[in-house]
Amino acid sequence: VDTMSSTHLSPLGRLSATHPSVTVIIALMLIVLHISYVSTTSSMNAVPPPRQPRWRPPTQEQSLSSLIHTPLHSSDWEPRSIDDLPALDPMESSDHALVFLLQAPLLKWKLGDVLSQLNMTHGAIGVQTFSRTNQSNNLFFSVEYDGIPEMFSSVFPTIVNGTTLQWHNFGGSMLYFPVNVTYYSTGVTLLGQLSAAQYNRFVNEYIANINATRPYYQMMSVVDAASGEEYLPSFDCFDLVYDALDWLLHEVHMKLDPDVQVWKCWTNLITGQEPMRIDDVDEYYEDILQFYQLIEFKFKDLSLLDALVQLRDLVIEKYMYLRVKNSYYKLKLAAPYGELRYEQVPIHRLVEWYRAKKANAVKWGNVNKEQR
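Spelled out as structure tokens, the structure:
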């Protein structure tokens, strides 16, 4: 997808689309919202099963690094084991499963629908199993991919004793059921149908291996300003959705309506030159440490606007570092610096885009061998 249509965007989304320089400020505001905003309307919205999330606002004494390390989902989201998923009987013609795209406003459990105004959404795969002969096999579950302990920890480290950068940039797939459909208020879209045999393969060959092949969460892609080439690809909740669809379409040939339209949502950092991989971390460590210290210290004793302006000046006028898996990259951002994109595309075109993205990740060496 080369261009972004603003016809489906909210007013804030259209502002980001038509004034790309605003995107950086919006992205930074999201970080601060994640840290310090407590939605007064969240109790009015549907919440994940089974209970109301418990979350307390941070105290002013807490540092930035401590504030950002809170889970993407509430502690009351209770992941289930893959052993809890039903196995369908291939000999029963009525046994089958439906596959859905589930979408909810990002951080809805904490902020309600606030981030839907920015078209910031969380995506997951939903699977509904059906069996006439064994009613206990009728289940609606979701396959989610989250940062561990949360998504922002893939961007921000914890600074220990002022000198040590402690990273928690892992990712993991989690299974939840039963699905609270009202929570996914952005959309529940039927994508296709699986036979019992296809479903069993999806569980045993794909879902069971996600965490072994996708151990790192990457919140943003890094792309070239001129060519659009993706230097450092993301892998977040939506990338798992695309990866699962790629597998379902090419490995088990899931039946699919070719006219199905799905939402593609992603965040890019824009650079004017190829990112520099830091091979000798010791040589650059003081510079890397200072960069993350500046990010943290700039939020102290500053108003929200001043903090955003100073952080913008740091990452735009100078440079920034980005952690990808176990490596650091030094980036020089270029206009428009960043973009939040959200557009509707045919599902087959989406999968083709994702396969090209995955091939480019192999080129850059940013996937595990198992993912190839």
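End of the sequence shown sits at 1301 in this note's numbering; the numbers just go up one at a time, nothing left out. We put the beta carbon where it would ideally sit given N, CA and C, even for glycine.
Only residues of its own chain outside the window of five on either side were considered, and among them 1206, 1207, 1210, 1213, 1217, 1250 and 1251 have a CB closer than 8 Å to the CB of residue 1257, listed in chain order.
When rounded, the separation of the alpha-carbon atoms in residue 1114 and residue 1033 is 5 Å. Here residue 1038 carries a helix assignment [DSSP, helix/strand/coil]. Burial is judged here by how many other beta carbons sit within 10 angstroms of a residue's own beta carbon; residue 1173 has at least 16 and is buried.
Measuring C-alpha to C-alpha distances from residue 1029 to each of 1163, 1201, 1203 and 1192 identifies 1192 as the nearest. Bounds of the beta strand (DSSP E) holding residue 1207 are 1205-1207. Of the residues assessed, residue 1048 falls on the buried side of the cut-off, its CB having 16 or more other CB atoms within 10 angstroms.
Under the 10 Å beta carbon count, residue 1158 is surrounded by fewer than 16 other beta carbons and is classified as exposed. Beta-bridge annotation (DSSP): residue 1195 is paired with 1270. Annotation for residue 1104: the continuous beta strand (DSSP E) segment containing it runs 1099-1105. Residue 1082 sits away from residue 1091, with the two beta carbons spaced by 8 Å or more. Counting of Cβ neighbours within 10 angstroms places residue 1040 among the buried residues, the total reaching 16 or more. Counting of Cβ neighbours within 10 angstroms places residue 1133 among the exposed residues, the total staying below 16. Only buried fits residue 1287, as 16 or more other CB atoms lie within 10 angstroms of its CB. At least 8 Å separates the beta-carbon of residue 1071 from that of residue 1017.
Distances from the CA of residue 1182 to each of 1163, 1127 and 1244 were compared; the closest alpha carbon is that of 1127. By the Cβ-count criterion, residue 1148 is buried, with 16 or more other Cβ atoms from all chains shown falling within 10 Å of its own Cβ.
The C-beta distance from residue 1102 to residue 1140 rounds to 6 Å, short enough to fall under 8 Å.
Within 10 angstroms of the beta-carbon of residue 1008 lie fewer than 16 other beta-carbons, which makes it exposed. For residue 1053, the enclosing beta strand (DSSP E) begins and ends at 1050-1059.
Residue 1116 and residue 1035 have their alpha carbons spaced roughly 13 Å apart. Assignment of residue 1045 by DSSP, reduced to helix, strand and coil, places it in the helix class.
Boundaries of the beta strand (DSSP E) around residue 1093: 1093-1095.
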